[in-house]
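Visitor: One structure, as structure tokens, below. Some questions next.
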Amino acid sequence: MLKSLFSAGLQTQAVRLTRTHLVPLGQLGRVGGLSVPKVTVRQSLMMSGSLTRQFHTSFARFKDEEPVAESKVLVKREKTSFWTETAVGRVLKLFVITSGVVSGSVLLLLAAFFVYDYTTYTPPEIIDNLLVPESALNPPRGGPENLPILTDHLDTFDNPAKEQLRRKPHLVVLGSGWGAVGMLGNLDKNDYDVTVISPTNYFLFTPMLPSAAVGTLELKSLMESIRHIVRRVNGHYLEASAEKVLFSEKLIKVRVKGSGQEFYVPYDKLVIAVGSTANTHGVKGLQYSNQLKIAEDAMEIRRKIVTNLETACLPTTSDEERKKLLSFVICGAGPTGVEMAAEIFDLMNEDLTRSFPKILRQEISIHIIQSRSHILNTYDKTISEFAMGRFEHDQIDLLTNSRVREILPDQVIFDQKNSDGTLETKSVPFGLCLWSTGVAQNPLAQQVVKDLSAYQKNKRAIETDAQLRVLGAPLGDVYAIGDCSTVRTELAEHCSDYVRKYIIGSQSPQFVKSRHIITDDDIKHVDLTYFELKQLCNQISQQNPLAAGPLGLVEELIPKYDAEKRGRLTFDQVKLLMKEVDSKVTSLPATAQRANQQGKYMGKKLSKLRKSSTTLSINDIVDGDIDNAIARPFKYKHLGSLAYIGNSAVFDLPGYSFVGGLIAVYLWRSIYFAQSVSFRTRVLLFMDWLNRGIFGRDILTV
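Using numbering that gives the first Met the number 0, read the sequence shown as starting at 0 and increasing by one per residue.
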């Protein structure tokens, strides 16, 4: 009886196991106290008709079991998931997860923004015990014209840092451009009491002004408050114009912007970084043209473009007048002129027909008047040729070998040199004329050169030495950087000084005995061997990095002056050699890159001067020159030039030049994006480029 019950139970268990799909029997553990081997249903079904399986060697086989009909077997299948087993499901799942993460992140950022924004709203604060220097409210008078003298600022006691700096040397910076901002960014905030004087209370990113003039960018994206920049060094800002520098009294005569009021600002150290103005080249009628140097210029150009477009749509405008209104003439084919032409073309080609009649696009003309045979003549020849080919493809009229004679209210008169050398006078009508033909002296720079005329020989810029000190001013008190200045070399004129310094420091046997007492007459009788001359040139290169390139060619020039092949040169021959080297020295370019490098150099050097002034020993200072004792002379490093030429860009880099399409444009943008002076302007630039791509340029009246 027990045996039959046991057999029946085991049989029932076996039948149940045969109906389980791909499940090992062993996973069910023990059956009725018996050890069950791991057998799959598939294996059991393959048995002929009945379940004949030996569960254990100690038990007999079960035979002659009733086969289970295949149609009655219910097979349990694994469930398949749409989200995991199909490609579409996986993509949708990833999309849902990503959307959730992005949405959550956006909501979190919005919440954080609103929390931060809430903290920016502060209740009004009334300070009962506000300290203001009496001398700031009632400045004393003095100086040659008995004017008020600025001795304290209204914000001197606003914070402890400014109050402490009151006792530090007073550093005055004239200007708010690339040079001034570069210097302020590299100046230690604890070294000087800084005052910036400029008629414009903002820094302007000038390389991208053409983009702002046509609505590609907004002007605010190129501007940064000079007060925000000055705040980094706990400095002060005065919106005024410097009129004159009184070197002997260490005073600056300043005129209030928009009024005739004047006052003096004293200084311990002065940095002149006032920039430049447009070069007129003696051309009449420039009042009828536009320039592009300040923010107001870009606004005026933008306003004029929109006004001309609207006027051209009126029924009272004749076809001839319409063509004149839509004629854009650019005088000068440097980077500014070329980029302005490209931006105007892009505006008319990409955005005009969205809002204006299509006939306007057919009647627009762009003309570039260039005095040389190529545009971008300071760039590599291949770049110049590429730009010319691009403009010819865009039907921009290139009037090369042409010089403007006069600008009338509605046309430009110019002389063009033909291929046979003859001059032909031509004219071109315009609705807008841009004058972009180089730079000239700022009025303050002219005044400085005039006051120091005994030492200043260059009538177009303030001359400085390699340490950027103004020649003729008290040594180490006044510096000049940027477009308003130029570095003088004049190797031939100072040849005797260079030779004297070389003899003093030389280890050559012929100079050892007499190097301590050297008169001008002694120098005139000096003979230098080729090796000694090479050493002299290396020494001069260290003192005048600007002349390092031409001095490297001295070895090739020596045989020309050693006609007798003596293997040495007399002092007179050396002087003639240096005169030829002088002729090969090129002046520094009037670019933002140069001004910014000089500004950074000045900021670091002034901080180093302040820290080293108390630690320098007398032996470290030669001829009373502290600057040379603590800092190397300024060395300009050309990093390359860029230009936008209409959905393309060109790069003239040291040793390598290339051109390209949109990829080059993105690279051009990224370089200028990185050079922006603040996080705020970078964000605004990105938003402007995004806005242009989605909605087009903003050509509304400003």
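Backbone N, C-alpha and C define an ideal beta-carbon position, used for all residues, glycine too. From a predicted model like this one, the values you see are computed outputs, not experimental measurements.
So Pro549 and Val580 are in contact, right, with Cβ under 8 Å, and what is the actual spacing, rounded?
Guide: Right, their Cβ atoms sit about 5 Å apart.
Visitor: On a CA-only basis, which of Cys483, Gly475 and Gly437 is nearest Asn457? Give me that one, please.
Guide: The shortest C-alpha separation from Asn457 is found at Cys483.
Visitor: Mind reading off the beta-carbon distance from Ala212 to Ile300? Whole number of angstroms is fine, and I expect it under 8 Å.
Guide: That belief holds up - the Cβ atoms of Ala212 and Ile300 are roughly 4 Å apart, short of 8 Å.
Visitor: Since I believe Asp651 is in contact with Ile480 (beta carbons under 8 Å), could you give me their beta-carbon distance rounded to a whole number of angstroms?
Guide: Between Asp651 and Ile480 the Cβ distance is about 24 Å, and since that is not below 8 Å, they are no contact.
Visitor: Leaving out five residues on either side along the sequence, give the residues of the same chain with a beta carbon under 6 Å from the beta carbon of Ser224.
Guide: Cβ within range, chain order: Tyr201.
Visitor: Just curious, the beta strand (DSSP E) that Phe657 is in, first and last residue?
Guide: Looking at the DSSP string, the run of the beta strand (DSSP E) that includes Phe657 is Tyr655 to Gly659.
Visitor: Determine, using beta carbons only, whether Gly660 comes closer than 9 Å to chain B.
Guide: Any reference to chain B falls outside this structure, which holds one protein chain only.
Visitor: Expressed to the nearest angstrom, what Euclidean distance is found between the alpha-carbon atoms of Ile343 and Asp154?
Guide: Those two C-alpha atoms are separated by around 45 Å.
Visitor: Three or more C-beta pairs under 8 Å: does that hold for the stretch 370-382 against the stretch 675-693?
Guide: The answer is no - the stretch 675-693 does not touch the stretch 370-382, with fewer than three Cβ pairs under 8 Å.
Visitor: May I have the straight-line CA-CA distance separating Gly660 from Thr488, to the nearest angstrom?
Guide: Distance between the alpha carbons of Gly660 and Thr488 is about 41 Å.
Visitor: Could you pull the DSSP bridge partners for Tyr378 from this structure?
Guide: Answer is none; Tyr378 lacks a bridge partner.
Visitor: For Asn417, which residues in the same chain have their Cβ closer than 7 Å to its Cβ, ignoring the five residues on either side in sequence?
Guide: Result list for Asn417: Glu423, in chain order.
Visitor: Please say whether Gly274 and Gly176 have beta carbons closer to each other than 9 Å?
Guide: Yes; because the gap between Cβ atoms is below 9 Å, this pair is in contact.
Visitor: Using beta-carbon positions only, say whether Asp187 and Ser612 come within less than 9 Å of one another.
Guide: In this structure, Ser612 does not lie closer than 9 Å to Asp187 by Cβ.
Visitor: Compare the Cα-Cα distances from Ile251 to each of Asn137, Arg565, Val664 and Ile148 and report the closest residue.
Guide: Of Asn137, Arg565, Val664 and Ile148, the residue nearest in Cα terms is Ile148.
Visitor: Report the residue from Leu490, Leu164 and Phe390 whose alpha carbon sits nearest the alpha carbon of Leu575.
Guide: Looking at the Cα atoms, Leu490 is the closest of the given residues.
Visitor: Could you give the DSSP three-state label for Gln466: helix, strand or coil?
Guide: DSSP places Gln466 in coil when its eight states are reduced to three.
Visitor: Taking the alpha carbon of Asp464 as the point to measure from, which residue in Gln440, Ala439, His493 and Asn441 has its own alpha carbon closest?
Guide: It is His493.
Visitor: Kindly list the residues whose CB is nearer than 7 Å to the CB of Arg593, restricted to its own chain and excluding five residues on each side of it in sequence; keep chain order.
Guide: Leu587 and Tyr635.
Visitor: Quick check: what's the CA-CA separation for Ala135 versus Leu173?
Guide: Cα-Cα distance, rounded: 20 Å.
Visitor: Would a C-beta distance cut-off of 9 Å place Thr150 and Pro139 closer than the cut-off?
Guide: Their beta carbons are under 9 Å apart, which means Thr150 touches Pro139 by this criterion.
Visitor: Leaving out five residues on either side along the sequence, give the residues of the same chain with a beta carbon under 7 Å from the beta carbon of Leu130.
Guide: These residues qualify, in order along the chain: Phe156.
Visitor: Please classify Leu689 as buried or exposed, where buried requires at least 16 other C-beta atoms within 10 Å of its C-beta.
Guide: With fewer than 16 other Cβ atoms within 10 Å, it is exposed.
Visitor: Between Thr310, Thr352 and Ile368, which has its C-alpha nearest Gln361's C-alpha?
Guide: Closest by alpha carbon: Thr352.
Visitor: Could you have a look at Thr485 and say whether DSSP puts it in helix, strand or coil?
Guide: Thr485 falls in the strand class under three-state DSSP.
Visitor: Can you give me the C-alpha to C-alpha distance between Leu21 and Val90, rounded to a whole angstrom?
Guide: Confidence is the limiting factor: at Leu21 the pLDDT is only 42, short of 50, which leaves the residue's position unreliable, though a coordinate-based value still follows. Near 31 Å, if we compare the C-alpha coordinates of Val90 and Leu21.
Visitor: Is Ser401 helix, strand or coil by DSSP?
Guide: Of the three classes helix, strand and coil, the one that applies to Ser401 here is strand, per DSSP.
Visitor: Across which residues does DSSP place Gly141 in a beta bridge pair?
Guide: Partner(s): Leu146.
Visitor: Quick check on Phe327: does DSSP put it in helix, strand or coil?
Guide: Phe327 falls in the strand class under three-state DSSP.
Visitor: Under 8 Å, with one C-beta from each stretch per pair, do the stretch 279-288 and the stretch 188-208 reach the 3-pair mark?
Guide: In short, these stretches do not touch, since the Cβ pair count stays below three.
Visitor: Measure the C-alpha to C-alpha separation of Ala272 and Glu242 and round it to an integer number of angstroms.
Guide: Approximately 13 Å, taken between the alpha carbons.
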